[in-house]
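Let me begin by presenting the structure, written as C-alpha cells, before commenting on it.
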Amino acid sequence: MNGGRIGSSFRDPSGFLFTSGGTLYRQVQPVYAAHYDHLRASGLYDALVAQSMLVRHDEADLELAPQPGAFKVLRPERVPTVSLPYEWCFGQLRAAALLTLRIQQLAIGHGMVLKDASAFNVQFRGAAPVFVDTLSFELLEEGKPWVAYRQFCQHFLAPLALQSLVDIRLRDLTRIYLDGVPLDLASQLLPRRTWVRPWAALHIHLHARSIARFASTSSDTGAAADRRRATATSSRQVSRTGLTGLVAHLLDAVSALDWTPGGTEWADYEVSHGYDQTGHSAKHEIVSRYLQQTHPGLVFDLGANTGEYSRLARSTGATVVAIDGDPSAVERGYRRLAADNETGILPLWIDLANPSPAQGWAHSEWASLEARGPADLVLALALVHHLAIGNNVPLPHVAAFLARLGRRVVVEWVPKEDPQVKRLLRSREDVFTDYNEAGFAAAIQQAFRIDERTPVGSTGRVLYLLSALTGR
Amino acid sequence: MTILIRFLIALCLAGVLTPAPVLAYIDPVAGSVMLQVLIAGALGALFAFKQAGAAVRMTISRIWRRLTG
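Same order as they appear, the protein sequences are chains X and V.
Take the position in the first sequence, starting the count at 1, then add 3; the result is the number in the working numbering.
Take the position in the second sequence, starting the count at 1, then add 9; the result is the number in the working numbering.
Below, the structure is given as C-alpha cells:
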C-alpha cells in the first residue's frame, strides 16, 4: 500500500483507515466524537490496552486527515502481519471470539457496547489475539438490544460450531461468506441432536428461524407486517442484566466448543519426516546458517507443519508467518505457541495450492496472501514435492510463485528416491518426467539467482539459497 | 417450534415492548433483534442466579476457612 484509504475501511461512517508515508492512520469523524470521548474518559480504552486486548494508538496531527472536518486523527499500533479469519485454525477463531466477548463484557461495565462484532476486527500478534477497531465502541443506551448479536453468531459461533461438531473443513465457508456463515445454513448443517444444547437451540437454530420469519414478511406491505417489523427493530427491551446474561451465555457456549487435532497425514510429520538424526541435524544446521546470512525481518515459512523451522527463524529475531495446509498441524503449532505466549510467530492454515485471493468488494477489501508480502525470506522446506507431485504444479510455476512471495528463498529439493516422494507416487502413475534436480535447477533459475547449494548430509535432499531476480 | 415463535411474536405485538430507535451502521436484522429481546430476560436471570450462587459459595468457603483455619 503506497498510501490512501485502506480498501476494507468504508462501511462504518464513524471513520476510516488510511496510510500516509508508510504509516497507518485512522480519521475519526465528528459523528463519533461523543463515543470516542467516553471511550477515553471512562477508562475503557486504558483498561483494554493495559490487558493487551486493544491496539494502542496515539492522537496525531489533524492536518494529516485526508478528508476535511475530522474530529481526530489516530495513529494505531500496527500488527506485524495482517491475517484473515478464513486463514485461522480453530483455536485462533475461538480465541478471537472469546476476546470479542470479553471486550463486550468490559465495555458494558464502562457504559459502552460493541456496535459490530466482525471477526475481521481481530488480528494476531503471534498467538495472541488483539482487537484492532478502535471505533467499534458506542455508548450503551439502556434497553437497546445488542446490534451486533447476529454478526457475532455468524462470524464466530456458527463457524466454530460447524468445525467442532461437523467437520473442521467447514472453516472454508468463512472464505465464501465474508459476513459470516448464514445462520439458516449453519442450522441445516448442524446435527439435529444440537437442538438439545441450549446455546445451539437459541443462538443458531431459533435465531435462524426468527430471521427467516421476519424476512418472509419483508415483501408484505400490510399494516400487520409493518407493525411487526417496526416492533422488532425499534424496541427498548434488553436490560443491562439481559445484555450481560446474553454475552455470558455466548461466552459459555464458545468456551465449551473444542476440536481435537487428529493424527492426519502430515500432523505427525515432525516425528515421521523420514530423516535420520544425522540428516535432521544437518538440515537444521544449514537452514540456521542461511538464516544467519540473510538476517530476515519477515519470514514466510511455507509448509511449516507445527513450526519447527519457524521457531528457528524466530530465534534469529525474525517475525514469522508459519503457513500450512493441514489443520491438525496448524492447530498443534498454534496451541504450543499460545502456551509459550509467543508473539513473533503467526500460524495460518492456508492451502498453498489455493492461497487466499483478493476478496470482498471490488477485490480490494481483503488482500491476497501474495499482496501481504513479499517476505524478506521464504522457507520452502519439504514443500516442492507436495506442489509438483501432490498437486501437479509444474516446477517453473512453483519457482515463479515463490519469487512473488519472497525476496530470498530457502528451498529444499526432495528427489524421487526419497521416501516422502515415493509415498506420494505409491498409488498413481509417475508422469513427472521433469522431476529431477537438473529440471528443478533449470526451473528455479528462471526466477532466481542461486546463491548457494548445499546437500543435506547423505539424504539425497539439497537445500538452495536463492535471490529473486525481479524483486518487489 | 413455529407455534412458540408465533406466540412470542404475539407477545411483543401485544405491547409488552416499548418502542425506541435502534441506530447502527450494520443491519441488526429484525428477526435477530426479536429473538434477542425474547431470550435476554431469561439469560439475564440465569446469569444473576449464577452470580448469586457463586457469591454464596464464596461466602461459605470464606466462613469455612475462618472456622477451620
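Glycine included, C-beta positions come from ideal geometry on N, C-alpha and C.
| Check | Outcome |
| --- | --- |
| Pro30 (chain V) (DSSP reduced to helix, strand or coil) | Model confidence at Pro30 (chain V) stands at a pLDDT of 37, short of 50, so the residue's coordinates are unreliable; what they give is reported in the following sentence. Coil. |
| Within-8 Å CB hit, Glu268 (chain X) to chain V | Confidence in Glu268 (chain X) is poor, its pLDDT being 49 and thus under 50, which makes the residue's placement unreliable; the coordinate value appears in the next sentence. Chain V, which has no Cβ nearer than 8 Å to the Cβ of Glu268 (chain X), makes this no. |
| Contact list for the stretch 146-172 of chain X against chain V, Cβ threshold 7 Å | Gly146, Lys147, Pro148, Trp149, Val150, Ala151, Tyr152, Arg153 and Gln154 |
| Reference Gly7 (chain X), options X:Asp15, X:Arg14 and X:Phe19, closest by Cα | X:Phe19 |
| CB contact check: Gln70 (chain X) to chain V, cutoff 8 Å | no |
| Reference Leu138 (chain X); option with closest CA among X:Phe127, X:Leu117, X:Val324 and X:Gly183 | X:Leu117 |
| C-alpha gap between Val52 (chain X) and Asp40 (chain X), whole angstroms | 16 Å |
| Straight-line gap, Leu65 (chain X) to Ser470 (chain X) (C-alpha atoms, nearest Å) | 42 Å |
| Candidates X:Leu305, X:Glu311 and X:Val302: closest to Glu288 (chain X) by CA position | X:Glu311 |
| Residues that Ala511 (chain X) contacts on chain V, provided the C-beta gap is smaller than 9 Å | A query on residue 511 (chain X) cannot be resolved here, the shown segment of chain X reaching from 4 to 475 and no further. |
| Cβ of Ile453 (chain X) within 8 Å of any chain V Cβ | no |
| Pair within 8 Å by beta-carbon distance, Val184 (chain X) and Pro162 (chain X) | yes |
| Neighbour flag for Gly114 (chain X) against chain V, beta carbons, 8 Å | no |
| Close Cβ partners of Glu345 (chain X) (< 6 Å) along its chain, the five nearest in sequence each way excluded | Gly129 and Ala130 |
| Collapsed DSSP secondary structure at Glu144 (chain X) in the structure displayed | coil |
| Cβ contact check for the stretch 314-321 of chain X and the stretch 386-395 of chain X: 3 or more pairs under 8 Å | no |
| Test: Leu76 (chain V) CB closer than 8 Å to a CB of chain X | no |
| Minimum Cβ-Cβ distance from Phe19 (chain X) to chain V less than 8 Å | no |
| Amino acids of chain X, ordered along the chain, whose beta-carbon sits closer than 7 Å to that of Val46 (chain V) | Pro148, Ser238, Gln240 and Val241 |
| Leu382 (chain X) vs Val324 (chain X) beta-carbon contact at 8 Å | no |
| Own chain partners of Ala446 (chain X) with C-beta closer than 6 Å, once the 5 adjacent residues on each side are dropped | Leu398, Pro399 and Ala402 |
| 6 Å Cβ shell around Glu268 (chain X) - same chain, five flanking residues per side excluded | Note on Glu268 (chain X): pLDDT 49, under 50, position unreliable in the model; the coordinate value appears next. For Glu268 (chain X), where only same-chain residues beyond five positions count, there are no Cβ hits under 6 Å. |
| Any C-beta of chain V under 8 Å from that of Thr177 (chain X) | no |
| N-terminal and C-terminal residue of the alpha helix (DSSP H) that Gly282 (chain X) is part of | Gln280 to Thr297 |
| Leu32 (chain V) versus Asn124 (chain X) - alpha carbon distance | For Leu32 (chain V), the predicted structure reports a pLDDT of 44, less than 50, and the residue's modelled location is therefore unreliable. The matter cannot be settled from this model. |
| C-beta contact flag for Glu145 (chain X) and Arg243 (chain X) at 8 Å | yes |
| Rounded Cβ spacing between Gly409 (chain X) and Leu380 (chain X) (contact assumed at less than 8 Å) | 6 Å |
| Any C-beta of chain X under 8 Å from that of Ile35 (chain V) | yes |
| Start-to-end residues for the beta strand (DSSP E) that takes in Phe303 (chain X) | Leu301 to Leu305 |
| Runs of alpha helix (DSSP H) wholly within the stretch 72-120 of chain X (minimum 4 residues, chain order) | 93-112 |
| Contacts of Gly53 (chain V) in chain X (Cβ-Cβ under 7 Å) | Ser242, Thr244, Gly245, Thr247 and Gly248 |
| Meets three-Cβ-pair contact criterion under 8 Å: the stretch 39-55 of chain V and the stretch 205-213 of chain X | yes |
| Assigned exposure category for Pro132 (chain X) - 16 Cβ within 10 Å defines buried | buried |
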